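Asks:
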Amino acid sequence: MSFRAWTAPGVRLAFPLLLAGLAACSEPPPLYVDGAYVRLNANPQAPAAAYFTIHGGAEPVVLRGITTDEAVRVEMHESTTEGGMAMMKALDQVNVPAKATVTFEPGGKHVMLWSVNKAALADGKMSFTFLFSNGDRILVDAVVQAPPASAATEPANMADHEHMDH
Ligand SMILES: [Cu+2]
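If you use our numbering, the sequence shown corresponds to residues 8 to 173, in order.
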């Protein structure tokens, strides 16, 4: 009965068409990293540790390394318990299966950081670059957390980290 009544159905139609178009072009799930944080050591002379979760994409990849301009030395480690003894070993690379998550967390895989620079501490964040075997270089910001209130929350880890320093 009016111009308005005639155009309204057309406007409604536009949305389903647009969404269908986006879905058809959508990429496979991407490789990404989230939940990154740095935990400072209760002993300021000892290294800090970084934790995060890697979300695998459509294809399996290998994490070849992690770099930052804000620490003197960066290494990937894994904490394990062998014969009741807490130990740490260095990891050259970490496999990230397709569509799986790989978590770096206290008591497991972690990134050890020596001599985090004071500007990063003052900012409360650090920037990392993750290097993957498929050529992806993913930039990740991590929140810098204060050390645990009591070293007793993680006795094995803390003792290990301090040993590594000497
Ligand atoms: Cu370590």
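We put the CB at the ideal spot given by N, CA and C, even for glycine.
Source: prediction; values computed, not measured.
Could you tell me which uninterrupted beta strand (DSSP E) segments, each at least 3 residues in length, are contained entirely in the segment 24-106, listed from first to last along the chain?
Replies: Listed in chain order, the complete beta strand (DSSP E) runs (minimum 3 residues) inside the segment 24-106 are 39-46, 55-62, 68-74, 80-89, 92-98, 101-103.
Asks: Are the segment 130-143 and the segment 83-96 touching by the rule of at least three beta carbon pairs closer than 8 angstroms?
Replies: Contact between the segment 130-143 and the segment 83-96 is absent, because fewer than three Cβ pairs lie under 8 angstroms.
Asks: Between residue 59 and residue 41, is the Cβ-Cβ spacing less than 8 angstroms?
Replies: Position 52 of the sequence shown holds residue 59. Position 34 of the sequence shown holds residue 41. Contact flag set, yes.
Asks: Hey, is residue 95 close to ligand 1, as in C-beta under 7 angstroms from one of its heavy atoms?
Replies: Indexing the sequence shown from 1 puts residue 95 at position 88. For ligand 1, at least one heavy atom lies less than 7 angstroms from the Cβ of residue 95.
Asks: Taking only heavy atoms of ligand 1 into account, decide whether any of them is closer than 7 angstroms to the Cβ of residue 119.
Replies: For this step, residue 119 is matched to residue 112 along the sequence shown. Yes, the beta carbon of residue 119 sits closer than 7 angstroms to at least one heavy atom of ligand 1.
Asks: Which whole runs of the beta strand (DSSP E) in the segment 100-153 are 3 residues long or more, in chain order?
Replies: You should have 101-103, 108-111, 116-121, 132-139, 144-152.
Asks: Taking C-alpha atoms, which residue in 118, 73, 74, 62 lies nearest to residue 105?
Replies: Translated into positions along the sequence shown, residue 105 becomes position 98. Minimum Cα distance to residue 105 is reached at 62.
Asks: Cα-Cα, which of 127, 64, 122 is closest to residue 145?
Replies: Locating residue 145 in the sequence shown gives position 138, counting from the first residue. Ranking 127, 64, 122 by Cα distance to residue 145 puts 64 first.
Asks: With a threshold of 7 angstroms, establish whether the CB of residue 84 neighbours any heavy atom of ligand 1.
Replies: Counting from one through the sequence shown, the residue named residue 84 turns up at place 77. Residue 84 Cβ: within cutoff of ligand 1.
Asks: Assess contact between the segment 66-75 and the segment 95-112, defined as three or more Cβ pairs (one per stretch) separated by less than 8 angstroms. Is contact present?
Replies: Touching, yes, given that three or more Cβ pairs across the two stretches are closer than 8 angstroms.
Asks: Confirm, please, whether the CB-CB distance from residue 78 to residue 122 is below 8 angstroms.
Replies: Along the sequence shown, one-based indexing puts residue 122 at 115. Along the sequence shown, one-based indexing puts residue 78 at 71. Going by C-beta atoms, residue 122 is nearer than 8 angstroms to residue 78.
Asks: Name the residue from 118, 141, 109 whose alpha carbon lies nearest to the alpha carbon of residue 95.
Replies: Reading the sequence shown from its first residue, position 88 is the one you call residue 95. That would be 118, whose Cα lies nearest to the Cα of residue 95.
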